[in-house]
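Notes follow the structure.
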Amino acid sequence: MGRQRLQVLYASLVSICFRSIQMSQFKNQSAFKLSLYAISFTSLFAAYAAVAANATPYAAGLAPEIIVNGQSISENHVRLMSSGFAKDKNGRPLNSADALAAARAELITEEVLAQEARKAGLDKRPVVADQLAFQTREILSRAYLESYFEKNPITDATLKSAYEFNRANGKIVEYKLRQILVSTSGEAREILNKLNSGTDFAEAAKQYTQDPGGQSNGGDLGWFRPDIFVDHNFTDALPALKKGEYTKAPVRTRFGWHIIKLEDSARQVTNAEPYDALPDNVRQALRQKTGQIQIETLTARLTANAKISGASLSSAQGNGKK
1 MGRQRLQVLY
11 ASLVSICFRS
21 IQMSQFKNQS
31 AFKLSLYAIS
41 FTSLFAAYAA
51 VAANATPYAA
61 GLAPEIIVNG
71 QSISENHVRL
81 MSSGFAKDKN
91 GRPLNSADAL
101 AAARAELITE
111 EVLAQEARKA
121 GLDKRPVVAD
131 QLAFQTREIL
141 SRAYLESYFE
151 KNPITDATLK
161 SAYEFNRANG
171 KIVEYKLRQI
181 LVSTSGEARE
191 ILNKLNSGTD
201 FAEAAKQYTQ
211 DPGGQSNGGD
221 LGWFRPDIFV
231 DHNFTDALPA
241 LKKGEYTKAP
251 VRTRFGWHII
261 KLEDSARQVT
271 NAEPYDALPD
281 NVRQALRQKT
291 GQIQIETLTA
301 RLTANAKISG
311 ASLSSAQGNG
321 KK
């Protein structure tokens with residue numbers, strides 16, 4: 001059940017798909033462009049926000065609903081299991097009562113089998129213990145981040161202060177961009193070789209990019225605001241580019257591998273909306289970006305202090321203090 005809950009909590013991760021973004025529409029009204037940015041870039045950090053939002057209901061569901069040979073099955077387990085019973089074996093939709101009944105029956109079956117497995121010592125078998133360790137790692141890592149953000153919340157006041165400072169000091173800028181998005185670094189490098197040999201960027205985007213909008217408009221992103229784009233790996237590549245240049249190495253983000261071309265240099269956004277006028281989904285994008293920075297800073301510090309080794313590693317990453 002831990003694995004099943006993780007699948008629910010990390011739903012935003014597996015649903016990420018950059019190709020769903022209609023980049024060609026970024027040229028429309030600024031408010032609509034802002035909404036598209038925020039809607040499209042759900043991420044790991046949205047998943048953790050969902051965890052935090054659901055923490056209280058989950059805690060309230062710890063009471064046992066079923067007891068099998070003295071072992072309790074919580075209300076949470078029943079509810080989570082029922083989410084997997086939307087349809088019966090014939091594909092017909094189940095109502096909530098039937099789904100809960102099916103979940104209870106399945107959990108009872110699993111519990112009696114699990115109890116027999118423990119009696120037989122199967123939980124001590126290396127392969128089984130390895131699978132349990134995998135689940136435990138995921139659950140504990142999530143729990144640590146929940147705890148971290150409880151102690152270090154991202155508040156609306158903090159987001160507003162940072163945004164308004166940038167707005168008041170002319171720090172909100174936009175770049176006119178094109179991009180080519182592909183699934184692997186190998187594909188990206190092959191395309192870079194073609195571009196370096198003289199292939200037109202827009203024509204290459206029409207042929208190779210995996211963003212449907214880019215296939216029709218040559219990868220044109222229009223004027224692009226990095227301050228409300230979640231993945232900083234993409235935006236970090238922009239300041240080094242000069243007008244007409246493209247990135248000489250593929251840029252990796254959670255959406256794939258990008259080749260980015262600067263069509264026109266950065267310009268100040270003089271009519272940026274005040275924070276209070278931003279749509280809720282844009283504020284959420286700012287929250288996610290702040291969360292991304294906090295998590296990456298945290299995990300980089302922890303990794304740097306860890307002793308890491310392994311035959312599959314080219315070098316010990318983050319060789320830390322003993």
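Numbering (full-length UniProt numbering), first residue to last: 1 to 322.
Built from N, CA and C at the ideal position, the CB exists for glycine as well.
- Task: Have a look at the DSSP bridge pairing and note the partners of PRO93.
- Result: Locating residue 93 in the sequence shown gives position 93, counting from the first residue. Answer is LYS87, bridged to PRO93.
**Asked** Taking ASN196 as the reference, which of ALA249, VAL78, ASN95 has the closest Cα?
**Response** As a position in the sequence shown, residue 196 is number 196, starting the count at 1. That would be ALA249, whose Cα lies nearest to the Cα of ASN196.
LEU177 and PHE224 closer than 8 Å at C-beta = Position 177 of the sequence shown, counting from 1, holds the residue named residue 177. Position 224 of the sequence shown, counting from 1, holds the residue named residue 224. Closer than 8 Å, so yes.
Could you give the distance in angstroms between the alpha-carbon of ILE295 and the alpha-carbon of ASN69? Within the sequence shown, the letter at position 295 stands for residue 295. Within the sequence shown, the letter at position 69 stands for residue 69. Those two C-alpha atoms are separated by around 42 Å.
**Prompt:** Helix, strand or coil: how does DSSP classify VAL112 here?
**Reply:** Residue numbering aside, residue 112 sits at position 112 when the sequence shown is read from its first letter. Three-state DSSP puts VAL112 in a helix.
- Task: Measuring alpha carbon to alpha carbon, tell me which of THR109, ALA86, ASN90 ends up nearest ASP98.
- Result: Locating residue 98 in the sequence shown gives position 98, where the first residue counts as 1. Nearest of THR109, ALA86, ASN90 to ASP98, Cα basis: ALA86.
Taking contact to mean at least 3 C-beta pairs separated by less than 8 Å, is the stretch 211-229 in contact with the stretch 183-192? no
Confirm, please, whether the CB-CB distance from LEU241 to PRO247 is below 8 Å.
-> Residue numbering aside, residue 247 sits at position 247 when the sequence shown is read from its first letter. Residue numbering aside, residue 241 sits at position 241 when the sequence shown is read from its first letter. In the sequence as presented, Pro is not what sits at residue 247; that position holds Thr. In contact: THR247 and LEU241 (Cβ atoms closer than 8 Å).
By a C-beta neighbour count over all protein chains shown, 10 Å radius and 16 as the cutoff for buried, is TYR163 buried or exposed? For this step, residue 163 is matched to residue 163 along the sequence shown. Flag for TYR163 reads buried.
Please classify PRO239 as buried or exposed, where buried requires at least 16 other C-beta atoms within 10 Å of its C-beta. Here residue 239 corresponds to residue number 239 of the sequence shown, with the count starting at 1. PRO239 comes out exposed.
### Query
Which residues mark the beginning and the end of the alpha helix (DSSP H) in which ILE139 is found?
For the purposes of this step, residue 139 is identified with residue 139 of the sequence shown, where counting begins at 1. ILE139 -> alpha helix (DSSP H) spans 126-151.
- Query: Of the choices ASP200, VAL182, GLU187, LYS160, whose alpha-carbon is the least far from that of PRO212?
  - Reply: Working through the sequence shown from its first residue, we reach residue 212 at position 212. Minimum Cα distance to PRO212 is reached at VAL182.
> Which runs of the beta strand (DSSP E) spanning at least 3 residues fall entirely within the stretch 247-308, listed in chain order?
Replying inline: 251-253, 256-268
**Item:** Where the alpha helix (DSSP H) containing ARG189 begins and where it ends
**Value:** Indexing the sequence shown from 1 puts residue 189 at position 189. Per DSSP, ARG189 belongs to the alpha helix (DSSP H) from 185-196.
Worksheet item: So, helix, strand or coil for PHE224, using DSSP?
Response: In the sequence shown, the residue the question calls residue 224 occupies position 224. Residue state, collapsed to three classes: strand.
For this session: Report the residue from LYS171, GLY291, GLU187 whose alpha carbon sits nearest the alpha carbon of THR270.
Result: Locating residue 270 in the sequence shown gives position 270, where the first residue counts as 1. If we check each option's Cα against that of THR270, LYS171 comes out closest.
Inset, instruction - Please check if any C-beta of chain B sits within less than 8 Å of the C-beta of PHE255. - result: Absence of chain B from the displayed structure is noted, only one protein chain being present.
**Request:** Starting from the C-beta of ASN233, find all residues in its chain whose C-beta is less than 7 Å away, skip the five residues before and the five after it, and write them out in chain order.
**Result:** The residue given as residue 233 occupies position 233 in the sequence shown. So the list reads VAL251, ARG252, THR253, once near-sequence residues are dropped.
**Request:** May I have the straight-line CA-CA distance separating GLN131 from ALA306, to the nearest angstrom?
**Result:** As a working mapping, residue 131 is identified with position 131 in the sequence shown. As a working mapping, residue 306 is identified with position 306 in the sequence shown. Rounded to the nearest angstrom, the two C-alpha atoms are 23 Å apart.
Are at least three pairs of beta-carbons, each pair with one atom in the stretch 149-164 and one in the stretch 262-282, less than 8 Å apart?
-> yes
Whole-Å CB distance - ALA63 paired with GLU75, under 8 Å assumed:
In the sequence shown, counting from the first residue as 1, residue 63 sits at position 63. In the sequence shown, counting from the first residue as 1, residue 75 sits at position 75. Confirmed, Cβ separation roughly 6 Å.
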